[in-house]
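Here's the structure, in structure tokens; my notes come after.
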Amino acid sequence: MSSPSRGGAFDSAVDKRVERFTESISFDQRLYHHDIAGSVAHAQMLADQDILTPEELSQIEQSLAEILQELENGTFPVRQELEDIHMNIEQALIDRIGDTGRKLHTGRSRNDQVSTDLRLWVRDAIDRVDGLLEALQQSFVGRCDRDADVIVPAYTHLQRAQPVLAPHVWLAYCEKFQRDRGRLTDARKRLNLCSLGTAALAGTTLPIDRDNVARRLGFDGIVANSIDSSSDRDFVLETVFCLTNIAIHLSSWAEEWILWSTSEFDFIKLPHAFCTGSSIMPQKINPDVLELTRGKSARVVGSLQTLLVLTKGLPLAYNRDLQEDKPPLFDAFDTVEACLELAAPLVAQSELNRASIESRLDRGFLDATTLMEFLIKRGMPQRKAHHLIGELVRTATEKSLKLSELPLEDFQASDPDLDDSVYDVLGVENAVNAFQSVGSTAPAQVLGQVAAWKKRLNL
Ligand code: ARG
1 MSSPSRGGAF
11 DSAVDKRVER
21 FTESISFDQR
31 LYHHDIAGSV
41 AHAQMLADQD
51 ILTPEELSQI
61 EQSLAEILQE
71 LENGTFPVRQ
81 ELEDIHMNIE
91 QALIDRIGDT
101 GRKLHTGRSR
111 NDQVSTDLRL
121 WVRDAIDRVD
131 GLLEALQQSF
141 VGRCDRDADV
151 IVPAYTHLQR
161 AQPVLAPHVW
171 LAYCEKFQRD
181 RGRLTDARKR
191 LNLCSLGTAA
201 LAGTTLPIDR
211 DNVARRLGFD
221 GIVANSIDSS
231 SDRDFVLETV
241 FCLTNIAIHL
251 SSWAEEWILW
261 STSEFDFIKL
271 PHAFCTGSSI
281 MPQKINPDVL
291 ELTRGKSARV
301 VGSLQTLLVL
311 TKGLPLAYNR
321 DLQEDKPPLF
331 DAFDTVEACL
341 ELAAPLVAQS
351 ELNRASIESR
361 LDRGFLDATT
371 LMEFLIKRGM
381 PQRKAHHLIG
391 ELVRTATEKS
401 LKLSELPLED
411 FQASDPDLDD
421 SVYDVLGVEN
431 AVNAFQSVGS
441 TAPAQVLGQV
451 AAWKKRLNL
């Protein structure tokens, strides 16, 4: 007998070229652990339903445990002609225990088997990424005390805008990654349903117990419709979208820190263990990890694109095209996990170049908006205040002065009622201290949020 999937209907062996073209073992081998877990649960349910005898079950369990061992230590002989990991494991079982092994696939199809294995694999992978995201958040929050007194310019349009506390910036990243974690949690909830038992597409005439299998595998319930189940890859698409969003967040963080690490900005010193040199320019210390984090986001976006196009034209139910979901899914996880593994220590070990940041904080009129709001608080309409401060900025630029260095007469030219108190909101430190609104960079707000994040992350 050849492969268990090639029954008696064929009049010839499969063409070798077709075998090579259709195999998926080269990339689905990594499902082995979850495939065996799924098979054990399925066999246990079959025994509970008196479809297998207790002896048959224990033979199957024992043999699958041996196969798992061999797969784990790399001694399992993988055969391409058996197409995928599912057939390889089943054939190995049959080779060892004969007809008892041939009973394992009772009431099951590879369609529901692949779907269940994949749900189990994605569930674990989501948990890994969630842990990595948490570690990255811990790195950002972990540096908030150290950087508590550092004021940095914040930008819009990459032009200097307003002064903010460095921890306010770190927490901005924490919020983004928290939303990413929330999205993954949602995706996990939706995919955590058992598809095993939906068989090929219509279900089975055999007296199986789907809830039994679902419980054994830690699912929250079962997929309701067998045709839906056989064709569904939403959970792969949704998960990879979540990964894409993470990759994009990582990419824009990387871009920002690449800029910050240039001599032009000189805001941050990256740990040299995370930088590489140049083969010709001896002075170069390059931010390659950040550049590749930015670059690798392209692969994740590409994976999402592949999956969207892969599934868009498929009729119900299972189609072989679905085999092609695995390379982009695995690559998206591998890429995001690799980036996150480096991001956390890189964030923790980088150092702000305090002196350099501070020496140029007086550039760009970072206190102009605070001054405008000072006038508004004294009763001036916003549009008028905006215009007057614009004129003052022009005057200061012409005189090569900061706003805080302008003589009182210049302020009084804008508003004759102004007195010395105007200087209380000028300069970046005064400007930062003047903030009040919830969620702003006001020191009390930032301190409160740092405390909340520490609690949330058990720091
Ligand atoms: N290797 C295939 C996959 O991963 C197995 C699916 C088998 N189902 C089928 N109807 N041929 O999708």
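Residues in the sequence shown are numbered from 1 upward in steps of one, following our numbering.
The beta carbon of each residue, even a glycine, is placed where N, CA and C say it ideally should be.
Selection from the options that minimises the alpha carbon distance to residue i
{"i": "Arg-6", "options": "Leu-196, Leu-322, Val-40, Glu-81", "result": "Glu-81"}
{"i": "Arg-146", "options": "Met-372, Ser-359, Arg-354", "result": "Arg-354"}
{"i": "Glu-70", "options": "Val-141, Ile-89, Ser-58", "result": "Ile-89"}
{"i": "His-249", "options": "Lys-454, Lys-176, Tyr-318", "result": "Lys-176"}
{"i": "Glu-349", "options": "Asp-420, Ala-298, Ala-273, Gly-364", "result": "The sequence given here places Gln at residue 349; Glu does not occur at that position. The candidate whose alpha carbon is nearest that of Gln-349 is Ala-273."}
{"i": "Ala-148", "options": "Gln-91, Arg-378, Gln-445, Val-336", "result": "Gln-445"}
{"i": "Asn-245", "options": "Ser-261, Arg-294, Leu-52, Met-281", "result": "Arg-294"}
{"i": "Pro-327", "options": "Leu-31, Val-14, Val-18", "result": "Leu-31"}
{"i": "Val-300", "options": "Gly-277, Ala-338, Ile-280, Met-281", "result": "Ala-338"}
{"i": "Leu-46", "options": "Ile-97, Asp-95, Arg-108, Glu-23", "result": "Arg-108"}
{"i": "Arg-215", "options": "Asp-124, Ala-41, Phe-140, Ser-421", "result": "Ala-41"}
{"i": "Ala-343", "options": "Arg-79, Met-380, Cys-275", "result": "Cys-275"}
{"i": "Asp-367", "options": "Ser-437, Ile-151, Glu-55, Pro-77", "result": "Ile-151"}
{"i": "Asp-220", "options": "Leu-191, Pro-207, Arg-233, Ala-385", "result": "Leu-191"}
{"i": "Ser-414", "options": "Gln-436, His-387, Ser-437, Ser-404", "result": "His-387"}
{"i": "Ile-97", "options": "Glu-55, Pro-77, Asn-73", "result": "Glu-55"}
{"i": "Ile-126", "options": "Leu-184, Gly-379, Arg-17", "result": "Leu-184"}
{"i": "Pro-460", "options": "Arg-17, Asp-124, Ser-359", "result": "Residue 460 lies beyond the stretch modelled for the chain, which goes from 1 to 459, so this question has no answer here."}
{"i": "Arg-320", "options": "Asp-15, Glu-23, Leu-352", "result": "Glu-23"}
{"i": "Phe-265", "options": "Leu-57, Leu-352, Leu-447", "result": "Leu-352"}
Which residues DSSP lists as bridging residue i, in chain order
{"i": "Gln-162", "result": "Ala-154"}
{"i": "Gly-221", "result": "Leu-193"}
{"i": "Ile-268", "result": "Leu-352"}
{"i": "Asn-430", "result": "Bridge partners of Asn-430: none, in fact."}
{"i": "Asn-286", "result": "Thr-276"}
Distance CB(residue i)-CB(residue j) smaller than 9 Å
{"i": "Asp-410", "j": "Thr-395", "result": "yes"}
{"i": "Arg-408", "j": "Leu-392", "result": "It is worth fixing the name first, because residue 408 is Leu in this sequence and not Arg. No, the pair does not count as a contact, with Cβ atoms beyond the cut-off."}
{"i": "Leu-118", "j": "His-34", "result": "yes"}
{"i": "Leu-310", "j": "Asp-325", "result": "yes"}
{"i": "Gly-38", "j": "Leu-120", "result": "yes"}
{"i": "Gln-44", "j": "His-86", "result": "no"}
{"i": "Thr-100", "j": "Gln-59", "result": "yes"}
{"i": "Leu-322", "j": "Leu-314", "result": "yes"}
{"i": "Ala-529", "j": "Asn-111", "result": "Any property of residue 529 remains undetermined from this structure, which presents the chain solely from 1 to 459."}
{"i": "Leu-52", "j": "Lys-103", "result": "yes"}
{"i": "Leu-270", "j": "Ile-285", "result": "yes"}
{"i": "Leu-171", "j": "Val-122", "result": "no"}
{"i": "Arg-143", "j": "Val-347", "result": "yes"}
{"i": "Ser-356", "j": "Phe-267", "result": "yes"}
{"i": "Arg-79", "j": "Ile-25", "result": "yes"}
{"i": "Ser-520", "j": "Leu-361", "result": "The requested residue 520 is not part of the displayed model; the chain covers only 1 to 459."}
{"i": "Ala-403", "j": "Phe-365", "result": "The displayed chain sequence assigns Leu, not Ala, to residue 403. Closer than 9 Å, so yes."}
{"i": "Ile-389", "j": "Leu-401", "result": "no"}
{"i": "Ser-261", "j": "Leu-292", "result": "no"}
Buried/exposed call for residue i, threshold 16 Cβ in 10 Å
{"i": "Arg-188", "result": "buried"}
{"i": "Pro-4", "result": "buried"}
{"i": "Gln-138", "result": "buried"}
{"i": "Phe-21", "result": "exposed"}
{"i": "Leu-217", "result": "buried"}
{"i": "Thr-116", "result": "buried"}
{"i": "Lys-312", "result": "exposed"}
{"i": "Ser-303", "result": "buried"}
{"i": "Glu-83", "result": "buried"}
{"i": "Gln-382", "result": "exposed"}
{"i": "Arg-456", "result": "exposed"}
{"i": "Asp-180", "result": "buried"}
{"i": "Thr-441", "result": "buried"}
{"i": "Gln-449", "result": "buried"}
{"i": "Gln-305", "result": "exposed"}
{"i": "Asp-28", "result": "buried"}
{"i": "Ala-385", "result": "buried"}
{"i": "Gln-283", "result": "exposed"}
{"i": "Val-336", "result": "buried"}
{"i": "Lys-377", "result": "exposed"}
Cβ of residue i within 9 Å of any chain C Cβ
{"i": "Ala-254", "result": "Protein chain content of the structure displayed is limited to a single chain, and chain C is not contained in it."}
Query raised in the report: On the three-pair Cβ rule with 8 Å, is the segment 421-434 touching the segment 159-175?
Result: Segments in contact, yes.
Query raised in the report: Taking one C-beta from the segment 252-261 and one from the segment 209-227 each time, how about it: are there three or more such pairs within less than 8 Å?
Result: Remark: fewer than three beta-carbon pairs, one from each stretch, lie closer than 8 Å, so the segment 252-261 and the segment 209-227 are not flagged as touching.
Query - Cβ pair count under 8 Å reaching 3, the segment 237-249 against the segment 329-338 - result: Cβ pair count under 8 Å is three or more, so yes.
Query raised in the report: Are three or more beta carbon pairs between the segment 123-141 and the segment 62-69 nearer than 8 Å?
Result: Flag = no, the segment 123-141 and the segment 62-69 do not touch.
Query raised in the report: Using 8 Å as the Cβ pair cut-off and three pairs as the minimum, do the segment 370-387 and the segment 421-428 touch?
Result: Yes, the segment 370-387 touches the segment 421-428.
Query raised in the report: Is it true that the segment 184-201 meets the segment 217-226, where meeting means three or more beta-carbon pairs spaced less than 8 Å apart?
Result: Touching, yes, given that three or more Cβ pairs across the two stretches are closer than 8 Å.
Query - the segment 200-207 touching the segment 145-159, judged by at least three CB pairs closer than 8 Å - result: Output reads no: the segment 145-159 does not touch the segment 200-207.
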